[in-house]
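Novice: Sharing a structure below in structure tokens format, with a few things to ask.
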Amino acid sequence: MTTTRGLDADGHIAREGSLARVPAPFAPVVAAARERIAEAFGPGRLHSAYLYGSVPRGTAVPGVSDLDLLLALHHEPTAADRADADALQAVLDAEFAQVDGVGVLLFDTGTLLSELERHDLGWFVACLCTPLLGPDLAAGLPRYRPTSLLARETNGDLALALPGWRERAAAAATDADVRVLTRTVTRRIVRTGFTLVMPRWGGWTSDLTASAEAFAAHYPGRADQMRLAATTARTPADARTADAERAVLAVLIDDLGPWLAAEYTAVHGEKAPRP
-7 MTTTRGLDAD GHIAREGSLA RVPAPFAPVV AAARERIAEA FGPGRLHSAY LYGSVPRGTA
53 VPGVSDLDLL LALHHEPTAA DRADADALQA VLDAEFAQVD GVGVLLFDTG TLLSELERHD
113 LGWFVACLCT PLLGPDLAAG LPRYRPTSLL ARETNGDLAL ALPGWRERAA AAATDADVRV
173 LTRTVTRRIV RTGFTLVMPR WGGWTSDLTA SAEAFAAHYP GRADQMRLAA TTARTPADAR
233 TADAERAVLA VLIDDLGPWL AAEYTAVHGE KAPRP
């Protein structure tokens, strides 16, 4: 049983997705993804495959939502693996109008199960990913609670992302460039705002509106900016203008983002450095 705050009866974060929750319009997309992942990677390379995001949560909107996949490989991903993943993305995106983009993450099982990633990628697989193919890596991972440790290891590195976002914003030459960056920044800001208050809120949610409101309850002075990020992230791209997106990016990258990074470090500390 899952509570209204995303926890099971024992107070652990419940796995949020399920193949049973995939909306009917997306069922053919998921079936095709399963078949083509198996064909492209085969048992020699692929340990397991997962869905995450709005499709397995059951909240995906045809023509608006994307399809998010994670592939766990037996070995460290190579350039050839990435090329195959890129081809898979392109084929699925072109074939199915239901999805507005396809993303494929590649990791090796050693990394996903490592102690360093236990409260970041490991938690992601165990709680936010829905098994699609192969044995479930969650069997080798612990159960998780909404703790400060989890907050630190999932989003305690926002400060590292800000310089790159500023460079991308300055270099964005097309509306498409702005659109992609806006999607990245708004979602990351809202997730970070939520995990900042997650231990006090006492649960887990991937809903962007609920995340912004949880944050707003603890930081009313920054509530409007966080709601702006959530609203922008949930608005279909064709309903936004590039100028409006640039204005939102300026608020998030130059004002809310630096404040949020500093507050996060003060409350939870910095994420353990990665190699």
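Note that this note's numbering gives residue 113 to position 121 of the sequence shown, counting from 1, and the numbers run on in steps of one. Cβ coordinates follow ideal geometry from the N, Cα and C atoms, glycine included.
Of all the options 213, 9, 236 and 186, which has the alpha carbon lying nearest to the alpha carbon of residue 117?
Specialist: Your numbering for residue 117 matches position 125 in the sequence shown. When each option's Cα is compared against that of residue 117, the closest is 9.
Novice: With a threshold of 8 Å, are at least 3 pairs of Cβ atoms found where one atom belongs to the segment -3 to 4 and the other to the segment 20 to 39?
Specialist: Verdict: no, contact absent.
Novice: On the DSSP bridge list, what partners appear for residue 64?
Specialist: Position 72 of the sequence shown, counting from 1, holds the residue named residue 64. 40 and 99, per the DSSP bridge assignment.
Novice: Let me confirm a value: residue 159 is counted as buried when at least 16 other C-beta atoms fall within 10 Å, else exposed. Which label applies?
Specialist: As a working note, residue 159 is residue 167 in the sequence shown. That one is exposed.
Novice: Output needed for residue 226: all residues of its chain with C-beta closer than 6 Å, excluding positions within five of it in sequence on either side, in chain order.
Specialist: Along the sequence shown, one-based indexing puts residue 226 at 234. Hits under 6 Å: 200.
Novice: Report, in whole angstroms, the separation of the C-beta atoms of residue 210 and residue 192, which I expect to be a contact under 8 Å.
Specialist: On the sequence shown, position 218 is the one that residue 210 refers to. On the sequence shown, position 200 is the one that residue 192 refers to. Yes, residue 210 and residue 192 are in contact; Cβ-Cβ is about 6 Å, under 8 Å.
Novice: I believe residue 120 touches residue 26 by the beta-carbon criterion, under 8 Å. Please report the beta-carbon distance rounded to the nearest angstrom.
Specialist: Numbered from 1 along the sequence shown, position 128 holds the residue referred to as residue 120. Numbered from 1 along the sequence shown, position 34 holds the residue referred to as residue 26. About 19 Å; that fails the 8 Å criterion.
Novice: Which whole-angstrom value is the C-beta distance of residue 264 and residue 108, which I expect to be below 8 Å?
Specialist: For the purposes of this step, residue 264 is taken as the residue at position 272 of the sequence shown. For the purposes of this step, residue 108 is taken as the residue at position 116 of the sequence shown. Between residue 108 and residue 264 the Cβ distance is about 7 Å, and since that is below 8 Å, they are a contact.
Novice: Determine the burial state of residue 196: buried for a count of at least 16 other Cβ atoms within 10 Å of its Cβ, exposed for fewer.
Specialist: For the purposes of this step, residue 196 is taken as residue 204 along the sequence shown, with counting starting at 1. Its Cβ being crowded by 16 or more others within 10 Å, residue 196 is buried.
Novice: Quick test of your reading: residue 146 and residue 11, contact by CB under 8 Å. State the CB separation rounded to the nearest angstrom.
Specialist: Stepping through the sequence shown from its first residue, residue 146 is reached at position 154. Stepping through the sequence shown from its first residue, residue 11 is reached at position 19. In fact, because the Cβ distance is near 25 Å, the residues do not count as touching under 8 Å.
Novice: Helix, strand or coil, according to DSSP, for residue 227 in the structure here?
Specialist: Against the sequence shown, residue 227 aligns to sequence position 235. Coil at residue 227, not helix or strand.
Novice: Would residue 115 be called buried (16 or more neighbouring beta carbons within 10 Å of its own) or exposed?
Specialist: The count along the sequence shown starts at 1 and reaches residue 115 at position 123. Residue 115 comes out buried.
Novice: Take residue 237 and list the residues in its own chain whose beta-carbon comes closer than 6 Å to its own, dropping the five residues that flank it on each side.
Specialist: As a position in the sequence shown, residue 237 is number 245, starting the count at 1. Around residue 237: 170 and 174.
Novice: Rounded to the nearest angstrom, what separates residue 248 and residue 176 at their Cα positions?
Specialist: As a working mapping, residue 248 is identified with position 256 in the sequence shown. As a working mapping, residue 176 is identified with position 184 in the sequence shown. Cα to Cα, residue 248 sits roughly 15 Å from residue 176.
Novice: Would you mind listing the beta strand (DSSP E) stretches within the segment 8 to 53 that are 3+ residues and don't spill past its ends, in chain order?
Specialist: Correct list: 38 to 44.
Novice: If you follow the alpha helix (DSSP H) that residue 155 is in, where does it begin and where does it stop?
Specialist: Taking the first residue of the sequence shown as position 1, residue 155 is located at position 163. Unbroken alpha helix (DSSP H) run through residue 155: 150 to 163.
Novice: What do you get for residue 246, buried or exposed, if any count of 16 or more other CB atoms within 10 angstroms of its CB means buried?
Specialist: Taking the first residue of the sequence shown as position 1, residue 246 is located at position 254. Label assigned to residue 246: exposed.
Novice: Can you give me the start and stop residues for the alpha helix (DSSP H) that residue 250 sits inside?
Specialist: Taking the sequence shown and counting its residues from 1, one reaches residue 250 at position 258. 249 to 260 is the extent of the alpha helix (DSSP H) around residue 250.
Novice: Do the CB positions of residue 276 and residue 91 come within less than 7 Å of each other?
Specialist: Residue coverage of the chain in this structure runs from -7 to 267, which leaves residue 276 outside it and unanswerable.
Novice: Quick test of the definition: if touching needs 3 or more C-beta pairs under 8 Å, does the segment 54 to 74 touch the segment 134 to 142?
Specialist: The answer is no - the segment 134 to 142 does not touch the segment 54 to 74, with fewer than three Cβ pairs under 8 Å.
Novice: Which residues mark the beginning and the end of the alpha helix (DSSP H) in which residue 184 is found?
Specialist: Position 192 of the sequence shown holds residue 184. Residues 167 to 193.
Novice: With burial defined as no fewer than 16 other Cβ atoms inside 10 Å of the residue's Cβ, what is the status of residue 260: buried or exposed?
Specialist: As a working note, residue 260 is residue 268 in the sequence shown. With 16 or more Cβ atoms within 10 Å of its Cβ, residue 260 is classed as buried.
Novice: Roughly how many angstroms lie between the CA atoms of residue 190 and residue 144, to the nearest whole one?
Specialist: Taking the first residue of the sequence shown as position 1, residue 190 is located at position 198. Taking the first residue of the sequence shown as position 1, residue 144 is located at position 152. Each residue's Cα considered, the two are about 11 Å apart.
Novice: Is the beta carbon of residue 104 sitting closer than 7 Å to the one on residue 113?
Specialist: Within the sequence shown, numbered from 1, the residue matching residue 104 stands at position 112. Within the sequence shown, numbered from 1, the residue matching residue 113 stands at position 121. In this structure, residue 113 lies closer than 7 Å to residue 104 by Cβ.
Novice: On the DSSP bridge assignment, give the partners of residue 94 in chain order.
Specialist: Within the sequence shown, numbered from 1, the residue matching residue 94 stands at position 102. 59.
Novice: Nearest-angstrom Cα distance between residue 205 and residue 87?
Specialist: The residue given as residue 205 occupies position 213 in the sequence shown. The residue given as residue 87 occupies position 95 in the sequence shown. Looking at the two C-alpha atoms, the distance is approximately 37 Å.
Novice: Which residues share a DSSP beta bridge with residue 73?
Specialist: Here residue 73 refers to the residue found at position 81 of the sequence shown. The partner list for residue 73 (beta bridge, DSSP) is empty, contrary to what the question assumes.
Novice: What's the call for residue 39, buried or exposed, on a 16-neighbour Cβ count within 10 Å?
Specialist: For the purposes of this step, residue 39 is taken as the residue at position 47 of the sequence shown. Label assigned to residue 39: buried.
Novice: Three-state secondary structure (DSSP) at residue 146?
Specialist: For the purposes of this step, residue 146 is taken as residue 154 along the sequence shown, with counting starting at 1. Reduced to three states, the DSSP call for residue 146 is helix.
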